[in-house]
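Q: With positions in the sequence shown counted from 1, the corresponding number in the working numbering is that position plus 1484. C-beta atoms are modelled at their ideal positions from N, C-alpha and C, and glycine is treated no differently. My questions all concern the structure below.
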Amino acid sequence: MASWAIHLELEISYRDAEGIASCRRIVVKTVQLDADGQPARLAAHCSLSGSFQEFLTERIESCLDLSTGLPVADLPALVRQRYSQSRAGRLDALRRLLGAELTVLLSMGQADGLFQHREKQLIAAYLCTRQAELQPAEAFSPAQLASQLAWLERPSAEEFGAAVEVLAAAEAPLRAELFATCLAVADVRAAREGGEQPALDQLEASWFGADGA
């Protein structure tokens, strides 16, 4: 099941598997989602036990948000809101919005097996010009985004190929801007010793025709 990294400080009334109710303060670090994508299990440090435990959301009978002092009527909604405001959540939103472009750029940036700071800066600068559809709370600055890119895995050759095909249907100005960014990323190193040139050739053939026209 999918999980979200998050930070939540809560006071909960919790009924355990034996039916025993207790009040405890917890600091949530991870939320596990169920098959429907709903928050189902909280991994948190518990003040009562002094250790990390897991808490099923269905067994939480009442909840207080310690950051605001307000009771929580809808815990899943609070979890989703806080995750969307976190860096991990904002990065997920960006990946949903610009998935194909991000795949192409990450493939180019990591083509030689390395991911240099200048490559991250170039990719982040491009992506920040394309995030206008995100809510203000979800938007990144170039510096923030560059620091997050290092945590993303290099896409597979199949993922790169699929992204190239998707973007072949994009508007010509977008493809031209993205290709220019790919060129800049490829030229961070003096020689294209990794997979940069084959990737560029694939982009050019798919987006502009085999002759680059």
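For Leu1526, count neighbouring C-beta atoms within 10 Å of its own C-beta (all shown protein chains included) and say buried if the count is 16 or more, exposed if not.
A: Residue numbering aside, residue 1526 sits at position 42 when the sequence shown is read from its first letter. So Leu1526 ends up on the buried side.
Q: May I ask which residues mark the beginning and end of the beta strand (DSSP E) holding Ser1506?
A: Residue mapping note: residue 1506 aligns to position 22 of the sequence shown, counting from 1. From DSSP, the beta strand (DSSP E) with Ser1506 extends over Ala1505 to Leu1517.
Q: Can you tell which of Leu1581, Ile1504, Phe1536 and Arg1579 has the C-alpha that lies nearest to the C-alpha of Ile1544?
A: Counted from its first residue, the sequence shown places residue 1544 at position 60. Of the listed residues, the one whose Cα sits closest to Ile1544 is Ile1504.
Q: Evaluate Leu1494 with the Cβ neighbour count: other Cβ atoms within 10 Å of its Cβ, from every protein chain shown; 16 or more gives buried, anything less gives exposed.
A: Here the question's residue 1494 lines up with position 10 in the sequence shown. Flag for Leu1494 reads buried.
Q: What would DSSP say about Arg1673, mapped onto helix, strand or coil?
A: In the sequence shown, residue 1673 corresponds to position 189, counting from 1. Looking at Arg1673 - three-state DSSP - the assignment turns out to be coil, as it is neither helix nor strand.
Q: Please list the segments of the alpha helix (DSSP H) lying wholly inside the stretch 1570-1595, counting only runs of 4 or more residues, in order along the chain.
A: Entirely contained in the stretch 1570-1595, the alpha helix (DSSP H) runs reaching 4 residues are, in chain order, 1571-1581 and 1583-1593.
Q: Which residues in the same chain as Val1650 place their Cβ atom closer than 7 Å to its Cβ, once the five residues preceding and following it in sequence are excluded?
A: For the purposes of this step, residue 1650 is identified with residue 166 of the sequence shown, where counting begins at 1. Answer for Val1650: Ala1584, listed in chain order.
Q: Under 8 Å by Cβ, that's how I've got Leu1582 and Leu1606 pegged, so tell me the actual separation to the nearest angstrom.
A: Reading the sequence shown from its first residue, position 98 is the one you call residue 1582. Reading the sequence shown from its first residue, position 122 is the one you call residue 1606. With a Cβ gap of about 15 Å, Leu1582 and Leu1606 do not count as contacting.
Q: Give me the Cα-Cα distance between Trp1488 and Ala1557, rounded to the nearest whole angstrom.
A: Here residue 1488 is taken as the residue at index 4 of the sequence shown, counted from 1. Here residue 1557 is taken as the residue at index 73 of the sequence shown, counted from 1. Going from the Cα of Trp1488 to the Cα of Ala1557 covers about 21 Å.
Q: Identify whether Pro1499 lies in helix, strand or coil by the three-state DSSP scheme.
A: If you number the sequence shown from 1, residue 1499 lands on position 15. It is Arg, not Pro, that sits at residue 1499 in the sequence shown. Note: Arg1499 maps to strand in three-state DSSP.
Q: Is DSSP giving Leu1684 helix, strand or coil here?
A: Stepping through the sequence shown from its first residue, residue 1684 is reached at position 200. Note: Leu1684 maps to helix in three-state DSSP.
Q: On the criterion of 16 or more Cβ atoms from any shown chain inside 10 Å, does Cys1666 qualify as buried, or is it exposed?
A: The residue you call residue 1666 lines up with position 182 of the sequence shown. Flag for Cys1666 reads buried.
Q: Assign Cys1547 to buried or exposed, taking buried as 16 or more other Cβ atoms, counted over all protein chains shown, within 10 Å of its Cβ.
A: Stepping through the sequence shown from its first residue, residue 1547 is reached at position 63. When all chains shown are included, Cys1547 counts as buried.
Q: With DSSP as the reference, identify every bridge partner of Phe1536, one or two as the case may be.
A: Along the sequence shown, one-based indexing puts residue 1536 at 52. Note: Phe1536 sits in a beta bridge opposite His1529.
Q: Quick check on DSSP: helix, strand or coil for Ala1627?
A: Locating residue 1627 in the sequence shown gives position 143, where the first residue counts as 1. Of the three classes helix, strand and coil, the one that applies to Ala1627 here is helix, per DSSP.
Q: Nearest CA to the CA of Arg1508: which residue from Ile1490, Pro1523 and Cys1530?
A: Locating residue 1508 in the sequence shown gives position 24, counting from the first residue. Residue Cys1530 is the option with its Cα nearest to Arg1508.
Q: I'd like to confirm the pairing. Which residues does DSSP put opposite Leu1548 in its beta bridges?
A: Taking the sequence shown and counting its residues from 1, the one referred to as residue 1548 is at position 64. Its beta-bridge partners are Glu1495 and Pro1555.
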